[in-house]
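**Student:** Chain order of the listed sequences is A and B. Taking numbering that gives the first Met the number 0, the leading residue of the first sequence gets 0, the next gets one more, and so forth. Taking numbering that gives the first Met the number 0, the leading residue of the second sequence gets 0, the next gets one more, and so forth. Think of the CB as a built atom: it goes at the ideal place given N, C-alpha and C, for glycine as much as any other residue.
Number of protein chains: 2
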Amino acid sequence: MSNRNRKRILIENIRPLVDNGLYPLKREPGDWVPVIADIFRDGHQKICAWVEYKSSGKKHWSKVKMDCTNPGLDLWEAGFQVEQIGFYDYRIASYCDDFGTWLLDTGKKVEADTDFASDILEGIALIKNYLSWLPEYERAHVKNILKKLDKATGDMQRWQLISCPKLLHILENHPDPASRVESDKLKIRVDRVKARFAAWYECFPRSCGFEPGVSGTFKDVIKRLPEIAAMGFDVLYFPPIHPVGFSKRKGPNNSLTCSENDPGCPYSIGNELGGHDEIEPSLGTFEDFAELVAACEKFGLEIALDFAINCSPDHPYLKEHPDWFSKRPDGTIKFAENPPKKYEDIYPINFESSDYKSIWKEMRRIFLFWAKKGVRIFRVDNPHTKPFAFWSWVIEEVQSKYPDVIFLSEAFTRPKVMKALAKLGFTQSYSYFTWRNEKQELTEYFEELTTPPESDFYRANLFTNTPDIFPTFLQGGGQPAYKIRAVLAATLSTVYGIFQGFELCEGIPVPGKEEYLNSDKYEIRTRDWNAPGNIKELISKLNKIRKEYPAMQEYDNLEFYQAENNKVLFYGKSLGDQHLMIAVNLDPFVTHSSFVHVPLEKFGLGPAQEYQVHDLLTDRRYLWRGSKNYVELNPKVEPAHVFLLRK
Amino acid sequence: MSNRNRKRILIENIRPLVDNGLYPLKREPGDWVPVIADIFRDGHQKICAWVEYKSSGKKHWSKVKMDCTNPGLDLWEAGFQVEQIGFYDYRIASYCDDFGTWLLDTGKKVEADTDFASDILEGIALIKNYLSWLPEYERAHVKNILKKLDKATGDMQRWQLISCPKLLHILENHPDPASRVESDKLKIRVDRVKARFAAWYECFPRSCGFEPGVSGTFKDVIKRLPEIAAMGFDVLYFPPIHPVGFSKRKGPNNSLTCSENDPGCPYSIGNELGGHDEIEPSLGTFEDFAELVAACEKFGLEIALDFAINCSPDHPYLKEHPDWFSKRPDGTIKFAENPPKKYEDIYPINFESSDYKSIWKEMRRIFLFWAKKGVRIFRVDNPHTKPFAFWSWVIEEVQSKYPDVIFLSEAFTRPKVMKALAKLGFTQSYSYFTWRNEKQELTEYFEELTTPPESDFYRANLFTNTPDIFPTFLQGGGQPAYKIRAVLAATLSTVYGIFQGFELCEGIPVPGKEEYLNSDKYEIRTRDWNAPGNIKELISKLNKIRKEYPAMQEYDNLEFYQAENNKVLFYGKSLGDQHLMIAVNLDPFVTHSSFVHVPLEKFGLGPAQEYQVHDLLTDRRYLWRGSKNYVELNPKVEPAHVFLLRK
């Protein structure tokens, strides 16, 4: 019951929120954060409300006044822009607007020509009350009016003095602090723009060499940078670059035996030379790595490292921290299993160890170690098999030192688990894109991904392929299939990636599986990076369009439009007056034509107006009119249009 | 980081909840509470979960195991029945199922015929671990199996011993307490069944007399009880029965002047005889009141009192607690105003008084005073003009002493405010029913009211009319309009009411207003309670049907079915095998016929099956077949069918 006499306001149903505010909204600098709520009090008296917000590190709260946009539904709205990387705090504060209420009620009496002498006296008393909490800079004006009121003769003159807009403005912006009711403090995580907008190129450094059977090095990667940058990529992502274990080392094609020259699988991390904070010597030295980081910067590229909590049987942890691993009853340390499968070259760390706190701290140390070496993007391998609580802790710890660090969650598992990882801190996430090929499933999945609540916490990084996934669609579809998937990946999301070789439309599958034969995971490979049949030109064009048109850089502006042919996907992205429309033939084998329906109203076009659509891939221009127009897409030529609307 | 190594589970999106668990769900004894949530952990290991629940006063938690009903979506479900009036607590607790995981993994190895000797040893160690937390009564069996395992020869024999269903049953029901993760504690408010199912009759006791101009008394009310009970009502609700103020007393038709014999408005409460804890002498004494309460009980009726926080200028509070009221600058106490309107016979209590705590306590005293006199239902007048925090406090205070007290919120204001009052404690609420007459608005409104989230906290008590509201629909529609509204009120919700005179289809409006001329609020009236043209028989039948058919006693089982004529509303209520269908002609002037579509599948009927529909109002029976059937409703005869389906 304490001091509740002035607390009359309820603030309900704040939106958007992630899990009712348990997790932060995700944004990037320059983004708008809408704040919508139902705010009301008992009785008929007026209220006012503000959104208060600040970058978490700061003390000073900025505030923006909320508008009641639907009084019948008590709907209040405001919003603000985030600028700084890191966390923001925000909350809603609402107050009783006593002066506004008085003014409204007294105004009615004045209008009805009833006696309001006593009301004027009440108004003056009320204003004097406000003086006790008004900030110094507002007092002079109010005192001045009080003085004038003192001297004024007649209630109508007083009414005119007291109902002046400036006084109202001052008082309605400084309501009684005792009536303040505030919402819970809510959070926003602001990541740098690259969290939302980037094109990733994944490659094994050892596959960047030029001599068959000889490991490529960081220096060889530097030689490839002009070519990778020319394709328009922003992020260069390496699978683990640490020393590879020798015991139980895997041979080519995941063979259980290997010859002396086999380089092993980089995911079997650690040998006598060191573990997660060491570099595999055949790739180069820390100096070479630093040189590579610097070279990348020159080409507008940024290194992303894999973070795989796997230990080879030779990892120093096994000797230094045997208690970090599960043991068998006979005291030996257990390798990884997914019964009845065995993974004898990998020892998983046991996060349920009683010494788990030192595991958490060591993982933090590894992240910070590489962050200090200039790595600010980590692709985390299988985070869904480690504790949720660990991730939420370690991500916040790392980002509190390096707010620009991006964490990509490589979890391909059940939707709730993938979403949970995103909510509790991962900046970006892999997705089911790799297995969505048909119109309905693409539409449904991307409508879910790019609208709230999901778009407020999940940034899907679309991979066309990975070292582990050679999708059936690509296996059978030849070059057209690669083109189709490139266009979809580059335009459905703002962040996407390819794994080396995709640009060459290469790959031989392990029969009956979505896996690569002779995978780079188990052997050293070399390639002709300009092999005939490659689609590097298309990829370059797609990345150029993405960079040139800001509409392509927003994640949540994707909209699907109607295409009458079920094999043609038609969608668009708009920002202000910039409208792009993409039409993709989803069938790599057959030419499909379709009537497509342009959302004229959205684009500000009249029903019979002519307009030009400019295919940015082919530079061809077409004159269209009205909503219904015709496209024909031959997958052997170009399976997609990326149209810019020109009025 | 403390002790988080075994906490691997997330519990998300528990439903149904009211405002994410901020407010309790509402239920009545015998009701089912479904508990649905997304529950999952990292990794592939198994988990298990329980709903734990208890009546708030009790210490012991009951528990019911949750089922994973959709593993791909990590959906878990359970539910429980509430029995006791008052609050219930419940929560979800989930654990790692270590033995279940071990059994699954080892089973795969056994099946794959790989070596599992070490796994058996692990299993035995795991079982020994369980012994440390297993309850005494389960230990014997487990120890016995351990002994047998000790003696067993060969891993297959051990496997058979260890994989026996009884052991699994014991261990999966007693998982590792260290792995327990629990949800927030959630609440349910269980009110007695009358909160959901009751028919209210509102009357002014002073209008229950027999001699014009002479106030009716409680003794006169007793004389009316057989008739009111015969109509099937359960609750007899009186506007305020307290002494009526003399100063500024209103005359007939809300006139500002009154003659000596005018009884005044009962909402202007208090005079020198007393206030809210006193009885207006012209109605009788406390002894008479006690006699009335006892007489009501015999007739299956229960008294509901009005709780109106209004004071007449003569209320003792004005002298005893002048600081409870707002004052003008000249020191006089302010009467109620809604500028420019003045209500000089009513002084509102100022809940923003610095002495508000004593106001809250006094209001509690008044409620408890009447509760002690046998009143367990309060209809609260205009609760939306008093603080939300006060209501949530006083309702919980009163119900903690008298858990069976029902509070009806008489707030006709904006939807968010009406809903907020229901969420924070009011048992029932008035609704917009009084102004919903057309098919679309009735359908939309009642679909909202009777489905979650609203049906979980809002029980709409439908009034056909009130002393303040004489709906336009009734004013113009004659007896058919009264019948239509009676059927709708009695069948759309489980709790409804009429204000005296409705059964007589009486009423003269104040021209152009939805108000009664010569309202009982301002004068003493007498009526012929059996005046010709009354619809008491219809009301009796409706109340009889409601009592006879349990399907009519559920609030959230309302479903609207298709009627092809827009003037015919067709809906139904089902419970188990009991199906009632109601067809109402919404037009009081014209006979309407319509094809109506029976939901055959819901009723378990074949597409060409014959079935009987038995009109419980007329006792006529019709043979119907298939979904599409014909009704014709002449409002001058009977504007509605209430069909019981007979197969």
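If we cut at 9 Å on Cβ distances, does ASN556/A have a partner in chain B?
**Tutor:** For ASN556/A, the answer is no, since every Cβ of chain B falls outside 9 Å of its Cβ.
**Student:** Just reading off the beta strand (DSSP E) that LYS147/B is part of, what are its end residues?
**Tutor:** Element bounds for LYS147/B: not the beta strand (DSSP E) but the alpha helix (DSSP H), 135-150.
**Student:** Counting only beta-carbon atoms, is ARG205/A nearer than 9 Å to chain B?
**Tutor:** No, because no Cβ of chain B sits closer than 9 Å to the Cβ of ARG205/A.
**Student:** Here's the rule I'm using: 16 or more other beta-carbon atoms within 10 Å means buried, otherwise exposed. How should CYS257/B be labelled?
**Tutor:** By the neighbour-count rule (16 or more Cβ atoms within 10 Å), CYS257/B is buried.
**Student:** Thinking ALA485/A and ILE534/A are a contact (beta carbons under 8 Å), I'd like their distance in whole angstroms, please.
**Tutor:** With 8 Å as the limit, ALA485/A and ILE534/A qualify as a contact, their Cβ atoms being about 6 Å apart.
**Student:** Verify the CB distance criterion: does ASN128/A have a CB-CB separation below 9 Å to chain B?
**Tutor:** Closer than 9 Å: no.
**Student:** Can you confirm whether MET0/B, when its beta carbon is compared against all beta carbons of chain A, has any partner nearer than 9 Å?
**Tutor:** Note that MET0/B has pLDDT 41, beneath the 50 cutoff, so the model's placement of it is unreliable and the number below is only indicative. Yes, contact with chain A.
**Student:** Quick check: what's the CA-CA separation for ASN252/A versus PHE387/A?
**Tutor:** For ASN252/A and PHE387/A, the distance between alpha carbons rounds to 32 Å.
**Student:** Using a C-beta to C-beta distance shorter than 8 Å, which residues of chain A count as neighbours of PRO386/B?
**Tutor:** Within chain A, the residues near PRO386/B are ARG3, ASN4, LYS6, ARG7, ASP41.
**Student:** Exposed or buried, which one is GLN561/B when buried takes at least 16 other CB atoms within 10 Å?
**Tutor:** Counting Cβ neighbours within 10 Å, GLN561/B comes out exposed, since fewer than 16 surround it.
**Student:** May I ask you to report which of helix, strand or coil DSSP gives ALA228/A?
**Tutor:** The answer is helix: DSSP assigns ALA228/A an H, G or I state.
**Student:** Buried or exposed: which applies to ILE221/B, given that a residue is buried once 16 or more other Cβ atoms fall within 10 Å of its Cβ?
**Tutor:** Classification of ILE221/B: buried, given that the 10 Å Cβ count is 16 or more.
**Student:** Spatial neighbours of ALA177/B within its chain, please: CB distance less than 7 Å, with the 5 preceding and 5 following residues excluded, ordered by chain position.
**Tutor:** Excluding residues within five positions, the ones whose Cβ falls inside 7 Å are ARG5.
**Student:** The beta strand (DSSP E) with GLU409/A in it runs from where to where?
**Tutor:** Its beta strand (DSSP E) spans residues 405-409.
**Student:** Count the C-beta pairs between the region 502-513 of chain B and the region 455-475 of chain B that are closer than 8 Å, then say yes if the count reaches three, no if not.
**Tutor:** Counting Cβ pairs under 8 Å, three or more are found: they touch.
**Student:** Is there contact between the region 364-380 of chain B and the region 275-285 of chain B, where contact requires at least three CB pairs shorter than 8 Å?
**Tutor:** With a cut-off of 8 Å, the region 275-285 of chain B and the region 364-380 of chain B count as touching, because enough Cβ pairs lie within range.
**Student:** THR68/B by DSSP, collapsed to three states: which one?
**Tutor:** DSSP places THR68/B in strand when its eight states are reduced to three.
**Student:** Pull up the distance between the alpha-carbon of PRO587/B and that of GLY476/B, whole angstroms please.
**Tutor:** Cα to Cα, PRO587/B sits roughly 6 Å from GLY476/B.
**Student:** Using a Cβ cut-off of 7 Å, pull out every chain A residue sitting near ASN19/B, in sequence order please.
**Tutor:** Residues of chain A passing the Cβ test: ASN19.
**Student:** Check each residue of the region 111-122 of chain B: if its Cβ is closer than 7 Å to any Cβ of chain A, include it; give the result in chain order.
**Tutor:** Of all residues in the region 111-122 of chain B, ALA111, THR113, SER117, LEU120, GLU121 have a Cβ within less than 7 Å of some Cβ in chain A.
**Student:** Report the neighbours of HIS383/A on chain B: residues whose CB is nearer than 9 Å to its CB, in chain order.
**Tutor:** Those within 9 Å of HIS383/A in chain B are ASP41, GLY42.
**Student:** Could you give the distance in angstroms between the alpha-carbon of LEU461/A and the alpha-carbon of GLY250/A?
**Tutor:** For LEU461/A and GLY250/A, the distance between alpha carbons rounds to 30 Å.
**Student:** Could you tell me whether the region 334-351 of chain A touches the region 81-93 of chain B, where touching means 3 or more Cβ pairs closer than 8 Å?
**Tutor:** Touching, no, given that fewer than three Cβ pairs across the two stretches are closer than 8 Å.
**Student:** At 7 Å on the CB atoms, spell out the chain A contacts of GLY71/B, in chain order.
**Tutor:** Neighbours of GLY71/B on chain A, chain order: ARG413.
**Student:** Whose C-alpha, out of PRO452/A, LYS540/A, LEU491/A, is nearest the C-alpha of LYS25/A?
**Tutor:** When only C-alpha atoms are compared, the closest one is PRO452/A.
**Student:** Per DSSP, what kind of secondary structure is SER357/B in: helix, strand or coil?
**Tutor:** Of the three classes helix, strand and coil, the one that applies to SER357/B here is helix, per DSSP.
**Student:** Can you tell me the Cα-Cα spacing of TYR621/B and LEU643/B, whole angstroms?
**Tutor:** Roughly 10 Å separates the two Cα atoms.
**Student:** From GLU563/B, LEU579/B, ASN564/B, pick the residue whose C-alpha is nearest to that of TYR570/B; which is it?
**Tutor:** Ranking GLU563/B, LEU579/B, ASN564/B by Cα distance to TYR570/B puts LEU579/B first.
**Student:** Comparing the C-beta of ARG327/A with each C-beta of chain B, is any distance below 9 Å?
**Tutor:** Closer than 9 Å to some Cβ of chain B, the Cβ of ARG327/A qualifies, so yes.
**Student:** To test your reading of the DSSP string, which unbroken beta strand (DSSP E) runs of 3 or more residues are found completely within the region 271-343 of chain A?
**Tutor:** Entirely contained in the region 271-343 of chain A, the beta strand (DSSP E) runs reaching 3 residues are, in chain order, 301-306, 335-337, 340-342.
**Student:** Is the shortest distance between the beta-carbon of PHE334/B and the beta-carbons of chain A less than 9 Å?
**Tutor:** For PHE334/B, the answer is no, since every Cβ of chain A falls outside 9 Å of its Cβ.
**Student:** Comparing the C-beta of ASP104/B with each C-beta of chain A, is any distance below 9 Å?
**Tutor:** Chain A, which has a Cβ nearer than 9 Å to the Cβ of ASP104/B, makes this yes.
**Student:** Enumerate in chain order the residues of its own chain whose CB-to-CB distance from PHE472/A is below 6 Å, with the five nearest sequence positions on each side excluded.
**Tutor:** Contacts found: ASN436, ALA480.
**Student:** Say whether chain A places a C-beta atom closer than 9 Å to the C-beta of SER353/B.
**Tutor:** So, interface residue.
**Student:** What did DSSP end up calling PRO638/A once you bin it into helix, strand or coil?
**Tutor:** PRO638/A: coil per DSSP, three-state reduction.
**Student:** Could you list which residues in chain B have their beta carbon closer than 8 Å to that of ASP37/A, in chain order?
**Tutor:** Within 8 Å Cβ-Cβ: LYS415.
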